[in-house]
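Chemist: Below you'll find the structure I mean.
In our numbering, the protein residues as written are 371 to 1039.
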């Protein structure tokens, strides 16, 4: 009987433990089986058993950036070489900023150079495949996302060195007086939801091979940035890399990596700089072209105005605890969550949703921001280690299904590295619920998916934040509180008087939370005369600023036209728009062809019109990528159980079966 009671007591303890743990999401990462289709999911590189095949054709990436005022002009040279004995076809997935306009490409093999042409994507693909089958060397650049590209190079012969140069332009805008240039270096592994199988929307590019942590990279990476501001530079730093700065007077500087041999291609290169005194005040730039005239207006916003009365708000924090967040990203996110929640007022309320392969909500309804509830939230996230998939869509639906509080503004705050492939689904959810909440997003990690993080905030009328190290958690939490409690400018309106403009982007200017310039891009005809007026509301009342068109600077190149084209394509195709409509495809395709730029429907193609591989027996090679710095191996090749607590429930079930069998034997005995 004592032994029976002992087992009964153990079972009770086990049951109580299970009930306690039901408040914490526990997921179990299972290694993918051999039968799992890895075509569209990231996987670990396995050394080829085929002799004579060079599995690492990318040898180097060299980046040269020229920042003039607020425009960055970037040239990227990717060098591919075949050190094997067999011809190969190489494919390489790489990132860029979400705001770049890629408008030039050249391919060089030996002493022969081919300038790429822009064509409709399907036409370019057919031409590339034809060249490949005919044994001609060719290269093709295609856009997978606004910040993800694929470079395909056909018929790289043994001993070949192929240099491909890309040229793109982007705008650099200050936020709170800090200018930031970001050059992404690696695409993080994207979680592919099983739900995409049902809709048939899986994409081939997500099936990228990765090197396990600790593996030596096969390629080199180097970057050089020249900065010319026209205004004295007060501070120039990098939060991501050790750099060397060579000053050239007060307004110019050259920046390079301190030790290029120390591999730097596994994290975003981030360069921050501040200016002395007044910021760059470009005002209005006008540019005349052969067929069209363009303008760009940059208006400095007013200062933050702290209001005395801040209404109560509801915050639903949606925290990614998936496998890719394991380690540094999750620890940073924990610190961020604690800083965010601790800064709430007792008149505010909040909730917390943790998600990986599924999601778990702290409470059915949002709770007051009392110290007791804040402590509960801290306990809930404390033991999370990061495992499983990244089902963000389910977590967002869970957040939106939370009963709303009457008269309280709702803010949904998403914290993640963004390593998912189903961005469109997320954007559509946010777009469909814009009237229910404002959406803010925090990207955590060394190479976050900025397309997702920026897109959520852009559609959701909020603001994106990026934390690349633990020390930034407190800083961006403070920024968030400042932004949401005292927006810089609301109800923004723009009017033109005597200046004949059209195709102005953006069509609607959202609430300006951060202190950063208002930027307008558009076309004009007739005379560059008249005025432009910006109006809005600040914490102190009405705001108005008038710009005289006659005072505009004259643009000397095509940069403003490229920037306008990118902005128009962004509105038509990015961030949850209905991009599948024939009208959108037609307009975006035409923009790509007219401005010689890459879009979702146009690609660059370069063909060396010489048959170099008559046998046509080249081996296809996918260039393996390094994992982003501080990203765990758990981000690759793992999947999550369907429900949190699955393992513990199985333990409980096993215990109950054991207990029933034990009792039956006692009775039979």
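All C-beta atoms, glycine included, are put in the ideal place defined by N, C-alpha and C.
Expressed to the nearest angstrom, what Euclidean distance is found between the alpha-carbon atoms of residue 767 and residue 609?
Modeler: Answer to the nearest angstrom: the Cα atoms are 35 Å apart.
Chemist: Could you spell out where the beta strand (DSSP E) holding residue 590 opens and where it closes?
Modeler: Run containing residue 590: 590-598, per the beta strand (DSSP E) assignment.
Chemist: Secondary structure at residue 654, three-state DSSP: helix, strand or coil?
Modeler: Residue 654 falls in the strand class under three-state DSSP.
Chemist: What is the DSSP secondary structure of residue 604, counted as helix, strand or coil?
Modeler: Residue state, collapsed to three classes: strand.
Chemist: Can you tell me whether residue 719 is helix, strand or coil according to DSSP?
Modeler: Strand, per DSSP.
Chemist: Just to confirm, is the Cβ distance from residue 685 to residue 725 under 8 Å?
Modeler: Their beta carbons are not under 8 Å apart, which means residue 685 does not touch residue 725 by this criterion.
Chemist: Using a Cβ distance threshold of 8 Å, determine whether the stretch 595-612 contacts the stretch 784-804, with at least three qualifying pairs required.
Modeler: These segments do not touch.
Chemist: Can you name the start and end residues of the beta strand (DSSP E) that residue 696 belongs to?
Modeler: Where residue 696 is concerned, there is no enclosing beta strand (DSSP E), given that its DSSP letter is neither H nor E.
Chemist: Grab the span of the beta strand (DSSP E) containing residue 783 for me, first residue to last.
Modeler: That run of the beta strand (DSSP E) goes 779-786.
Chemist: Got a sec? Which residues, its chain only, sit under 8 Å from residue 630 by beta carbon, not counting five neighbours each side?
Modeler: Cβ within range, chain order: 590, 591 and 592.
Chemist: On the three-state DSSP scale, how would you describe residue 712?
Modeler: In this structure, residue 712 counts as helix in the three-state DSSP scheme.
Chemist: By the DSSP assignment, the alpha helix (DSSP H) with residue 764 in it spans what residues?
Modeler: Note, residue 764: alpha helix (DSSP H), 762-771.
Chemist: Does DSSP classify residue 870 as helix, strand or coil?
Modeler: It is coil, neither helix nor strand.
Chemist: Which value, in whole angstroms, describes the spacing of the CA atoms of residue 846 and residue 828?
Modeler: Roughly 18 Å separates the two Cα atoms.
Chemist: Report yes if the C-beta distance between residue 864 and residue 902 is below 8 Å; otherwise report no.
Modeler: Yes, they are a contact pair.
Chemist: Does the separation of the CB atoms of residue 763 and residue 708 fall below 8 Å?
Modeler: No, they are not a contact pair.
Chemist: Determine the contact status of residue 785 and residue 733, defining contact as a CB-CB distance below 8 Å.
Modeler: No. Outside cutoff.
Chemist: Any idea if residue 735 is buried or exposed, counting beta-carbon neighbours within 10 angstroms, 16 or more meaning buried?
Modeler: Per the 10 Å Cβ criterion, exposed.
Chemist: Just to confirm, is the Cβ distance from residue 669 to residue 879 under 8 Å?
Modeler: Contact flag unset, no.
Chemist: Give the DSSP bridge partners of residue 473, in chain order.
Modeler: Answer by DSSP bridge pairing: none, since residue 473 is not bridged.
Chemist: Could you spell out where the alpha helix (DSSP H) holding residue 794 opens and where it closes?
Modeler: Looking at the DSSP string, the run of the alpha helix (DSSP H) that includes residue 794 is 793-802.
Chemist: What separation, rounded to the nearest whole angstrom, lies between the Cα atoms of residue 525 and residue 754?
Modeler: The alpha-carbon atoms of residue 525 and residue 754 are separated by roughly 48 Å.
Chemist: Distance, Cα to Cα, residue 710 vs residue 698?
Modeler: Using only the alpha carbons, I get a separation of about 18 Å.
Chemist: Please check the pair residue 1004 and residue 757, which I expect to be a contact at CB under 8 Å, by giving their CB distance rounded to whole angstroms.
Modeler: That pair is a contact at about 6 Å.
Chemist: What's the gap between the Cα of residue 813 and the Cα of residue 783?
Modeler: Taking the straight line joining both Cα atoms gives about 11 Å.
Chemist: What first and last residue would you give for the beta strand (DSSP E) that runs through residue 506?
Modeler: Run containing residue 506: 506-515, per the beta strand (DSSP E) assignment.
Chemist: Going residue by residue through the stretch 951-1010, where are the continuous beta strand (DSSP E) segments of at least 3 residues, counting only ones entirely within it?
Modeler: Here the runs fully enclosed are 972-981, 989-992 and 1008-1010.
Chemist: Hey, out of 873, 844, 618 and 808, whose CA is closest to residue 705's CA?
Modeler: Residue 844 is the option with its Cα nearest to residue 705.
Chemist: Given this structure, state the Cα-to-Cα distance separating residue 666 from residue 656, to the nearest angstrom.
Modeler: Rounded to whole angstroms, residue 666 to residue 656 spans 7 Å at the Cα level.
Chemist: I'd like to know whether the C-beta atoms of residue 528 and residue 455 end up nearer to each other than 8 Å.
Modeler: It is a contact, given that the beta carbons lie within the stated cut-off.
Chemist: Which same chain residues, not among the five before or five after residue 832, have their C-beta less than 8 Å away from its C-beta?
Modeler: Hits under 8 Å: 781, 808, 809, 810, 811, 826 and 883.
Chemist: Please report how far the alpha carbon of residue 729 lies from the alpha carbon of residue 723, in whole angstroms.
Modeler: In a straight line, the C-alpha of residue 729 is about 7 Å away from that of residue 723.
Chemist: Using the beta-carbon count (16 or more within 10 Å), is residue 450 buried or exposed?
Modeler: Residue 450 comes out buried.
Chemist: For residue 890 and residue 874, I'd like the C-alpha separation in whole angstroms.
Modeler: Answer to the nearest angstrom: the Cα atoms are 7 Å apart.
Chemist: Quick one: is residue 660 buried, meaning 16 or more other Cβ sit within 10 Å of its Cβ, or exposed?
Modeler: Exposed, since its Cβ has fewer than 16 Cβ neighbours within 10 Å.
Chemist: Per the DSSP calculation, residue 536 is bridged to which residue(s)?
Modeler: DSSP, once it has assigned bridges, lists 446 and 475 as partnering residue 536.
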